[in-house]
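Enquirer: Dumping the structure here so I can ask a few things about it.
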Amino acid sequence: MSIDYKAEIERLKAKLPVTVVGHYYQRDEVFEMADITGDSLELARKCKADANPWVVFCGVGFMGQSVKVIAPQKRVLMPKIACCAMARMIDGSYFDESVEYMVKHGIAKENILPITYINSDASVKAKVGEMGGMVCTSSNAYKIIEKGLQSGKKILFVPDRCLGQNFAIQMGLKSCVIGQTIDGKACDPKEADVICFNGFCSVHQLFTLEDIEFYRHKYPGIKIAVHPECDPEIVGASDFAGSTSQLIKYINELDPEQKVAVGTEYNLVNRMRPNGNTYVLSSTKPECPTMNETTLEDLYKTLKSIEDNAPINEIFVDEHTVKYANLALERMLEVN
Ligand code: 13P
Ligand code: SF4
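Quick note, the numbering used here runs 1220 ahead of the 1-based positions in the sequence shown.
Structural data, given as structure tokens:
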């Protein structure tokens, strides 16, 4: 006999002291089951404030880990411990190498203020926390960089070069990317305010200038709205850039007749303004493969494992990592 996953999920949610959390990029059928939804900043905040001892997080690994770091007393399970490809681009040793690069180029370690995008492993957040640094998300990066600059130190921004560069441009700051050369010149930390690690999101790399030209030509007057994980040239050619929640707000406030092409993950864009005036800014289907891994069946099995007293896919973070990653996350929440 086949299981009615939706009905079973509802039954288990009503019975167990559990909160189901879903990022905007989840598949629709999974997203609809979530008690808490939002962008990565909102999810971190709301999970911290939530009273249930169990969290089942439908998202990517760093998100579940962040809940465990902010609220270590909670039991955090993930229906799929799917990994964000960008977060996988940096680990503790790559972080140390980036600090070393700056030191070799004349910046003393005590004059470096690291900021890590929340899309990073807890071990990287811990290293950032130990050096007095902070976490940021795409919705508060401006404020966090501004706060970081008040220290008078150079900012080391990891792992997303696009986010680091986009906010540096917006703030009138100079930036460079470790490992990239421009006109034959390597990144010189002495000449830049924000020194970026060379990481990126492969999903947000899919949006091109040709896509923007195509839509502007096809629908004169159309607005282009993108996520700041897109390349700086894409953000520069757009009308608006913002985190997933900021994109939703921007689009909801447009005249319903206003056409808009959106450069971010497919599931989110597909869910917005179902009146036919919202387009995916790509000829491809820009799905985040790992966000899409979670199915209703996975969610059901994870909830059932709590009922059966045999929890699966639990997130554990060691004490040292929790201590320092928490410092970096709490510094972010304080700024907010
Ligand atoms: P948000 O902070 O906008 O939720 O973005 C998270 C993410 O992974 C975007 O690709
Ligand atoms: Fe990571 Fe990109 Fe997926 Fe966001 S869309 S979770 S940055 S791989």
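Where is the CB? At the ideal position from N, CA and C, for every residue including glycine.
Any contact of the stretch 1341-1351 with the stretch 1481-1493, i.e. 3+ C-beta pairs under 8 angstroms?
Expert: no
Enquirer: Answer yes or no: do G1281 and C1267 have a C-beta to C-beta separation smaller than 8 angstroms?
Expert: Annotated as distal: G1281 and C1267, with beta-carbon spacing of 8 angstroms or more.
Enquirer: Where in the stretch 1376-1408 do unbroken runs of the beta strand (DSSP E), each at least 3 residues long, occur, reported from the N-terminal end onward?
Expert: 1395-1397
Enquirer: Within the present structure, is the beta-carbon of C1278 separated from the nearest heavy atom of the ligand SF4 by less than 7 angstroms?
Expert: no
Enquirer: Using the rule of at least 16 other Cβ atoms within 10 Å of the residue's Cβ for burial, across every protein chain shown, is S1422 buried or exposed?
Expert: Result: exposed.
Enquirer: Quick one: what's P1292 bridged to in DSSP?
Expert: When beta bridges are read from the DSSP output, P1292 appears opposite no residue.
Enquirer: Taking 7 angstroms as the cut-off, is the beta-carbon of A1264 closer than that to any non-hydrogen atom of the ligand SF4?
Expert: No, since every heavy atom of the ligand SF4 falls outside the 7 angstroms radius drawn around the Cβ of A1264.
Enquirer: Taking C1267 as part of the alpha helix (DSSP H), name the residues at either end of that continuous run.
Expert: S1260 to A1269 is the extent of the alpha helix (DSSP H) around C1267.
Enquirer: With DSSP as the reference, label A1302 as helix, strand or coil.
Expert: In this structure, A1302 counts as strand in the three-state DSSP scheme.
Enquirer: Look at the alpha carbon of Q1478 and the alpha carbon of S1463, and state the distance between them as a whole number of angstroms.
Expert: 20 angstroms
Enquirer: Looking only at its chain, what residues have a beta carbon closer than 8 angstroms to the beta carbon of L1232, apart from the 5 residues adjacent to it on each side?
Expert: V1238, Y1520, L1523, K1524, I1526 and E1527
Enquirer: Any residues whose CB sits closer than 5 angstroms to a heavy atom of the ligand 13P? List them in chain order?
Expert: D1259, S1260, T1357, S1358, S1463 and T1464
Enquirer: Nearer than 7 angstroms: is that true of the beta carbon of T1510 relative to any heavy atom of the ligand SF4?
Expert: yes
Enquirer: Nearest by alpha-carbon distance to Y1244: which of D1224, D1538 and D1255 is it?
Expert: The shortest C-alpha to C-alpha distance from Y1244 to any of D1224, D1538 and D1255 is the one to D1255.
Enquirer: Below 7 angstroms, is the gap between the Cβ of A1548 and the nearest heavy atom of the ligand SF4?
Expert: no
Enquirer: Does the Cβ-Cβ distance between A1346 and Y1544 come in under 8 angstroms?
Expert: yes
Enquirer: Need the endpoints of the alpha helix (DSSP H) that P1452 sits in, please.
Expert: P1452 to G1456
Enquirer: What's the gap between the Cα of L1210 and the Cα of I1375?
Expert: Here the chain covers residues 1221 to 1556 and nothing more, so residue 1210 does not appear.
Enquirer: Within 10 Å of its beta-carbon, does P1440 have 16 or more other beta-carbons around it, so buried, or fewer, so exposed?
Expert: exposed
Enquirer: Taking the CB atoms as reference points, tell me whether P1476 and S1358 lie closer together than 8 angstroms.
Expert: no
Enquirer: Considering I1332, what are the terminal residues of the alpha helix (DSSP H) in which it resides?
Expert: Here I1332 belongs to no alpha helix (DSSP H); instead the beta strand (DSSP E) covers I1332 to Y1337.
Enquirer: Quick check on the DSSP output: the alpha helix (DSSP H) that includes V1480 runs from which residue to which?
Expert: Looking at the DSSP string, V1480 is not in any alpha helix (DSSP H); the run it does join, the beta strand (DSSP E), is V1480 to G1483.
Enquirer: Going by beta carbon distance, what residues of the same chain come within less than 8 angstroms of V1507, once the five residues before and after it are set aside?
Expert: The identity of residue 1507 in the sequence shown is Glu, whereas the question assumes Val. V1423, E1485, Y1486 and N1487.
Enquirer: Can you give the beta carbon distance from S1286 to A1264, rounded, assuming they're within the 8 angstroms contact cut?
Expert: 5 angstroms
Enquirer: For K1288, count neighbouring Cβ atoms within 10 angstroms of its own Cβ and tell me buried if that reaches 16, exposed if not.
Expert: Classification for K1288: buried.
Enquirer: Are there 16 or more other CB atoms within 10 angstroms of the CB of M1253, so buried, or fewer, so exposed?
Expert: buried
Enquirer: With a threshold of 8 angstroms on Cβ separation, who are the neighbours of G1326 within its own chain once the five nearest residues in sequence on each side are excluded?
Expert: P1409 and K1410
Enquirer: Quick check on L1474: does DSSP put it in helix, strand or coil?
Expert: coil
Enquirer: Under the rule that 16 or more other beta-carbon atoms within 10 Å means buried, what is L1429, buried or exposed?
Expert: exposed
Enquirer: Please classify A1548 as buried or exposed, where buried requires at least 16 other C-beta atoms within 10 Å of its C-beta.
Expert: buried
Enquirer: Can you tell me whether N1546 is buried or exposed? The criterion is at least 16 other CB atoms within 10 Å of its CB, across all chains shown.
Expert: Buried, because 16 or more other Cβ atoms sit within 10 Å of the Cβ of N1546.
Enquirer: Answer yes or no: do G1353 and I1335 have a C-beta to C-beta separation smaller than 8 angstroms?
Expert: yes
Enquirer: Taking L1383 and S1502 to be in contact with their CB atoms under 8 angstroms, please state how far apart those CB atoms are, rounded to whole angstroms.
Expert: So it is not a contact: roughly 19 angstroms between Cβ atoms.
Enquirer: Give a yes or no on whether the C-beta atoms belonging to R1247 and N1512 are separated by under 8 angstroms.
Expert: yes
Enquirer: Tell me whether A1342 counts as near the ligand SF4, meaning its Cβ is closer than 7 angstroms to at least one heavy atom of that ligand.
Expert: no
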